[in-house]
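Here's the structure we're looking at; comments come further down.
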Amino acid sequence: MDVVTLSVGAGLGVAASAALGRLREHRAAPQGAADLLNWGFVVDAGAPAVILQKDGSLLAGWRYRGPDLFAATPEELDALTRHANDALLPFSDNWMFHVDAIRRPAIPYSPDVFPDAVCQLIDDERRLAHEQETGRQFETTYTIVATYLPPSDTVARLASFFVQDVSHGLAPKGSARSGSDTVWDRVLGAYRTAVHTLQTRLGGRLVLEPLDADGLLTHLHECLTGLPQAVRTPLHGSYLDLVLADQELVSGFEPSIGRHAIRVVAIQGFPDRSQPGQLDILNSVGFPYRWSTRFIPLGTHEASRLIRRHQLQWF
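The working numbering applies: residue 1194 is where the sequence shown begins, and numbers increase by one.
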């Protein structure tokens, strides 16, 4: 091999390596907001819809509401707390829950026509009171998202089931039913059974509305960008991270996304005790916000293992 051929080959190798590094599947460092997101593809558009994430986990969500706290007694709130705790007990290792309370300006008062003058007069009084407080009326919606990460060996087997195809994006490998195909069907079926069980257990005290694909993507987009705009489900095989990351993300000491500034508030001290509905005061504030709570449950064995590991650091 002469020097020219060797030089050309080396140059092509460097160029190929650089081009490969720019591909989103081979990037060593994130180049945009989409690279920081875990959302992958919609694999079931039913209700609740299911999203397959990049790490192999599955995600589904519900919009929910509970009883009126102004009319509920302390005993009723305690019973609701016990019910929610018991409903989540079977979902321990490999599960994660995000609970979001999103407060936004209320929709305008809808015009209604009543069959009698008395009801119409009552509604006119309500409309007048609402219009006098224009810009100060807010409402809060509540959403819970359940994420499950299958064991690592199962994720590795599932990865062989998906391939990249130019015309279809994420697609099953081959037309014949393979072993990985069976594993995928079993994992997805087990997850759908689990989320149905969760919906049934929580539904005893809460009113739940399963989110379809459009509703789930709209919720995730609002959590990311703060924009309460509807999102339609993209074509099969489209990357959800690219679809939902439609606002510019700026990092540094003054981070922002789109036109929204991002600031971190650190809670230095927590109360020594809590009570059900303690944060209900947030439902009376006159500005939009999103209060997000992440809950990662641990099974008895895993919790004991972590406690023992921390105890080794004691003197």
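A virtual CB, placed ideally from N, CA and C, is assigned to each residue, including glycine.
L1281 places its beta carbon less than 8 angstroms from that of P1490. With respect to F1307, G1430 sits apart: the two C-beta atoms are not nearer than 8 angstroms. For the pair V1478 and L1404, the Cα-to-Cα distance works out to about 27 angstroms. Apart from the 5 residues on each side of it in sequence, Y1482 sits with its Cβ closer than 7 angstroms to the Cβ of R1296 in its chain, given in chain order.
L1442 carries a strand assignment under DSSP once its states are collapsed to helix, strand and coil.
Contact check for F1290 against I1244 fails: the beta carbons are separated by 8 angstroms or more. DSSP places V1243 within a strand segment (E or B) once states are collapsed to three. Excluding five sequence positions before and after L1475, the CB atoms of its chain that fall closer than 8 angstroms to its own CB belong to A1294, R1296, T1333, Y1482 and W1484, given in chain order.
Shown here, G1408 sits in a helix according to DSSP, grouped into three states. It is roughly 40 angstroms from the alpha-carbon of Y1384 to the alpha-carbon of F1446. DSSP, read as helix, strand or coil, puts T1418 in helix. Where I1295 is concerned, the enclosing beta strand (DSSP E) starts and stops at W1288 to P1298. Excluding the 5 residues flanking it on each side, D1309 has no same chain C-beta neighbour closer than 6 angstroms. In the structure shown, I1474 falls within a helical segment according to DSSP collapsed to helix, strand and coil. Looking at the DSSP output, G1254 bridges to V1338. DSSP places S1345 within a helical segment (H, G or I) once states are collapsed to three.
Residues of the same chain with a CB within less than 6 angstroms of the CB of T1393, apart from the 5 flanking positions on each side, do not exist. Residue pairing from DSSP places P1403 in a beta bridge opposite W1255.
Following the DSSP letters along the chain, one finds R1483 inside the beta strand (DSSP E) bounded by residues Y1482 to F1488.
Taking E1495 as reference, the option from I1450, S1467, S1444 and S1285 with the minimal CA-CA separation is S1285. At least 8 angstroms separates the beta-carbon of P1469 from that of D1279. For D1279, no beta strand (DSSP E) segment is defined; the enclosing uninterrupted segment is the alpha helix (DSSP H) at P1267 to L1281. DSSP places D1237 in the uninterrupted beta strand (DSSP E) bounded by W1232 to D1237.
In this chain, the alpha helix (DSSP H) harbouring T1493 covers T1493 to Q1504.
About 6 angstroms separates the beta carbon of L1413 from that of L1437, a gap short enough to meet the 8 angstroms contact definition. Nearest C-alpha to P1260 among L1252, A1227 and Y1335: Y1335. In the structure shown, E1332 falls within a strand segment according to DSSP collapsed to helix, strand and coil. Per DSSP, reduced to three states, the secondary structure at H1453 is strand. By the neighbour-count criterion, in which a residue is buried when 16 or more other Cβ atoms sit within 10 angstroms of its Cβ, A1406 is buried.
Contact between L1391 and A1454 is ruled out by a C-beta separation of about 35 angstroms, above the 8 angstroms threshold.
For R1379, the three-state secondary structure derived from DSSP is helix. Pairing V1376 with Y1257 gives a Cβ-Cβ distance that is not under 8 angstroms. In this structure, DSSP gives V1311 a helical state, which the three-state scheme calls helix.
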